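In the order they appear, the protein sequences are chains E and H.
Be aware that the first sequence starts at 346, since it is given in this note's numbering, and climbs by one per residue.
Be aware that the second sequence starts at 58, since it is given in this note's numbering, and climbs by one per residue.
Glycine included, each C-beta is placed from N, C-alpha and C at the ideal position.
From a predicted model like this one, the values you see are computed outputs, not experimental measurements.
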Amino acid sequence: MKLLPGPLRRRREEPAPPPREAGDGDLRKGHEQVALEREKEADRQRRREALQEVPIAVAGWIDERTGAGPFLRGFLYRKVPKGTNWFYTLGSATMFAFLSQAVTGVFLAMYYKPTATEAYSSIQHIDEDIFLGQFVRGMHKWGASVMVVLIFLHMGRTFFFGAYKYPRELNWIIGVVLLILTMAMGLTGYLLPFDMRGLWATVVAVNLNSSGPIVGPYLADFLRGGAEFGATTISRFYAIHMLLIPVLIAALIGAHLYLVAKLGTTAPPWLKAEKARELAKEEI
Amino acid sequence: MPGAFEGETVTRRRLFTGGAMAAGGVATAAFGLPALGFAVGPLFERSVPPSFHDVGPVADFNPQTYVAKVITIDAEVAEAGKATVYVRRFDATRDSDRLKQPYVAISNRCMHLGCPIRYVQASERFICPCHGGVYEFDGKVAGGPPVRPLDRFETKVERGRVKVGPRFSLDSHLHRFKVRDPSNHLDGLWQYIYPSRPTT
Numbered sequence: 346m347k348l349l350p351g352p353l354r355r356r357r358e359e360p361a362p363p364p365r366e367a368g369d370g371d372l373r374k375g376h377e378q379v380a381l382e383r384e385k386e387a388d389r390q391r392r393r394e395a396l397q398e399v400p401i402a403v404a405g406w407i408d409e410r411t412g413a414g415p416f417l418r419g420f421l422y423r424k425v426p427k428g429t430n431w432f433y434t435l436g437s438a439t440m441f442a443f444l445s446q447a448v449t450g451v452f453l454a455m456y457y458k459p460t461a462t463e464a465y466s467s468i469q470h471i472d473e474d475i476f477l478g479q480f481v482r483g484m485h486k487w488g489a490s491v492m493v494v495l496i497f498l499h500m501g502r503t504f505f506f507g508a509y510k511y512p513r514e515l516n517w518i519i520g521v522v523l524l525i526l527t528m529a530m531g532l533t534g535y536l537l538p539f540d541m542r543g544l545w546a547t548v549v550a551v552n553l554n555s556s557g558p559i560v561g562p563y564l565a566d567f568l569r570g571g572a573e574f575g576a577t578t579i580s581r582f583y584a585i586h587m588l589l590i591p592v593l594i595a596a597l598i599g600a601h602l603y604l605v606a607k608l609g610t611t612a613p614p615w616l617k618a619e620k621a622r623e624l625a626k627e628e629i
Numbered sequence: 058m059p060g061a062f063e064g065e066t067v068t069r070r071r072l073f074t075g076g077a078m079a080a081g082g083v084a085t086a087a088f089g090l091p092a093l094g095f096a097v098g099p100l101f102e103r104s105v106p107p108s109f110h111d112v113g114p115v116a117d118f119n120p121q122t123y124v125a126k127v128i129t130i131d132a133e134v135a136e137a138g139k140a141t142v143y144v145r146r147f148d149a150t151r152d153s154d155r156l157k158q159p160y161v162a163i164s165n166r167c168m169h170l171g172c173p174i175r176y177v178q179a180s181e182r183f184i185c186p187c188h189g190g191v192y193e194f195d196g197k198v199a200g201g202p203p204v205r206p207l208d209r210f211e212t213k214v215e216r217g218r219v220k221v222g223p224r225f226s227l228d229s230h231l232h233r234f235k236v237r238d239p240s241n242h243l244d245g246l247w248q249y250i251y252p253s254r255p256t257t
């Protein structure tokens, strides 16, 4: 099994102890019978071993046809610099927040109705009538804030550790695009419950867009689907919120991760400072 | 040219590479452009048909103060499609007759970012709850962040009933303009920086 490194590789079972030595009672049995039992035992042992090999065989079958093994080895067992600490997990945490949003969002879409007349009552239905509805919607609602907070923490980590510098500038840019897309998710998602808060927040947000010179008014028309807030607005926001942006975010997370795996992570800046101090001491 | 036969201007490989790219581009454009047009189509259509809403008999209104009336701008979105209009009779002593409206019908949409304003009789001012915009009795900005006077509606009287029609915008001297979004300035060159759109 090539996929896993030495220590994690599944060890074969110790060979089964030999069958009991023939006792007094067994003396009466013929040699043939003893041989038969031994054979049966050996057969069972072979079957057990064959069964244990099944997952490895399946993984091997896939590996042989996709070359996933070398790829995953490079991706999952890459070297990380000395000093790597818990701050380096903020990116993964953000990604899991996104995954949680994606999964809860897909299931909310099974009950939510994106029309002006039914949106609010369908949310009430989710909250009040559906098993775990309030919990799943709560995860989506609060998870949205969690994701934004985690993004900023991740961004701060990248900034203060200097991890945006050469050759990782492109990954910083992709990250900024992901941040903007997440903000757009927040904007479009806020309208969907279609309560007064969501409605007026959207009115204000669209008029903010309209305040941009020349293109602003047209952008506002695009968001509303017309000059006035109407039935088109909510279906437009819904389509952007659950189809357009999630696909873009997923694709860009893929690119982001690819670059992380390709370029590796940086050591925390204080390690370089320690090194510099050591060098300075040597020179004195 | 390297890789080409005598007299050829393009190699076979280049021609086929270019051809495959062009075919892919055409195929993508074939669904991409219509989809894009479909999404931005509403930008080029008039979205609010010009119509007049009945707000009550002439006797309901006077020149001294505003009466709040609710009209339905978009019936499809229930409460969200309703708008409050503050209506009073034209008063030759305080209103310029340049706008040629028998009634003054002021929209409750704040010109800062579109929150709903309310009229306060005690101070004869319109006040916005969101960011503190304040307007004079005639809708001109008295203070706060709003960028221009409150929008108005066209008005007319038919068989003794007051009707409120399409919305229009005003600059700070109460000159009439085609309707703009809140947050769009209108004075001087601003009217070109915030152009009117085909949707209105």
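Contact with chain H by residue i, beta-carbon distance below 8 Å
i	result
F582 (chain E)	no
Y535 (chain E)	no
S556 (chain E)	yes
N552 (chain E)	yes
D540 (chain E)	no
W545 (chain E)	yes
G351 (chain E)	Confidence at G351 (chain E) is low in this model, with a pLDDT of 49, below 50, so its placement is unreliable and no value can be given for it.
I590 (chain E)	no
F567 (chain E)	yes
A600 (chain E)	no
G570 (chain E)	yes
Min CB distance residue i to chain E below 8 Å
i	result
N241 (chain H)	yes
P59 (chain H)	no
F69 (chain H)	Checking the sequence shown, residue 69 (chain H) turns out to be Arg, not Phe. Cβ-Cβ to chain E under 8 Å: no for R69 (chain H).
S104 (chain H)	yes
R254 (chain H)	yes
Y192 (chain H)	no
P99 (chain H)	yes
Y143 (chain H)	no
Buried versus exposed, by CB contacts within 10 Å (16 or more), residue i
i	result
S104 (chain H)	buried
E211 (chain H)	buried
Y192 (chain H)	buried
S153 (chain H)	exposed
Q446 (chain E)	buried
Y511 (chain E)	exposed
K620 (chain E)	exposed
S556 (chain E)	buried
I53 (chain H)	What is shown of chain H runs 58 to 257, which leaves residue 53 (chain H) out entirely.
L532 (chain E)	buried
E573 (chain E)	buried
D148 (chain H)	exposed
Collapsed DSSP secondary structure at residue i in the structure displayed
i	result
P99 (chain H)	helix
R569 (chain E)	helix
H110 (chain H)	strand
G351 (chain E)	Residue placement at G351 (chain E) is poorly supported in this model, since its pLDDT is 49, which falls under 50; the coordinates still yield a value, given next. Of the three classes helix, strand and coil, the one that applies to G351 (chain E) here is helix, per DSSP.
K486 (chain E)	helix
T129 (chain H)	strand
F539 (chain E)	coil
L624 (chain E)	helix
S467 (chain E)	helix
G196 (chain H)	coil
S445 (chain E)	helix
F62 (chain H)	coil
I184 (chain H)	strand
P223 (chain H)	strand
M346 (chain E)	Annotation note: pLDDT 45 at M346 (chain E) (below 50); position unreliable, coordinate value reported separately. It is coil, neither helix nor strand.
S437 (chain E)	helix
Residue i Cβ short of 7 Å to the ligand FAD heavy atom set
i	result
F109 (chain H)	In the structure on display, the ligand FAD does not appear, and there are no ligands present to speak of.
With three or more beta-carbon pairs closer than 8 Å as the criterion, would you say the stretch 226-241 of chain H touches the stretch 551-569 of chain E?
yes
Report yes or no: do the stretch 190-201 of chain H and the stretch 228-238 of chain H share at least 3 C-beta pairs separated by less than 8 Å?
They touch, by the three-pair rule.
The stretch 208-239 of chain H: positions lying closer than 8 Å to chain E by Cβ
V236, R237, D238, P239
If contact means a Cβ-Cβ distance below 7 Å, which residues of the stretch 156-172 of chain H contact chain E?
L170, G171, C172
Give a yes or no on contact between the stretch 578-592 of chain E and the stretch 389-405 of chain E, applying the rule of three or more CB pairs nearer than 8 Å.
no
Given 8 Å, three or more beta-carbon pairs between the stretch 476-496 of chain E and the stretch 433-452 of chain E:
yes
Could you name the residues of the stretch 122-138 of chain H whose beta carbon sits closer than 8 Å to any beta carbon of chain E, in the order they occur along the chain?
I130, D131, E133, V134, A135, A137, G138
Contact between the stretch 495-505 of chain E and the stretch 513-526 of chain E: three or more CB pairs below 8 Å?
yes
Any 3 or more C-beta pairs closer than 8 Å across the stretch 104-117 of chain H and the stretch 165-173 of chain H
no
The stretch 433-462 of chain E: which residues have C-beta closer than 8 Å to a C-beta of chain H, in chain order?
A461, T462
Would the stretch 602-614 of chain E and the stretch 533-547 of chain E be scored as touching if the rule is three or more Cβ pairs under 8 Å?
no
For the 8 Å Cβ check, are there 3 or more pairs between the stretch 613-625 of chain E and the stretch 424-434 of chain E?
yes
Examine the Cβ distances between the stretch 520-529 of chain E and the stretch 200-220 of chain H and report whether three or more of them are shorter than 8 Å.
no
Decide yes or no for the touch test of the stretch 180-190 of chain H against the stretch 126-142 of chain H: beta carbon pairs closer than 8 Å, at least 3 of them.
no
Taking 8 Å as the cut-off, does the stretch 446-456 of chain E touch the stretch 468-479 of chain E (at least 3 CB pairs, one atom from each stretch)?
Judged by pairs of C-beta atoms under 8 Å, the stretch 468-479 of chain E touches the stretch 446-456 of chain E, as three or more such pairs exist.
Just by C-beta distance, which residues in the stretch 175-188 of chain H are closer than 8 Å to chain E?
C187
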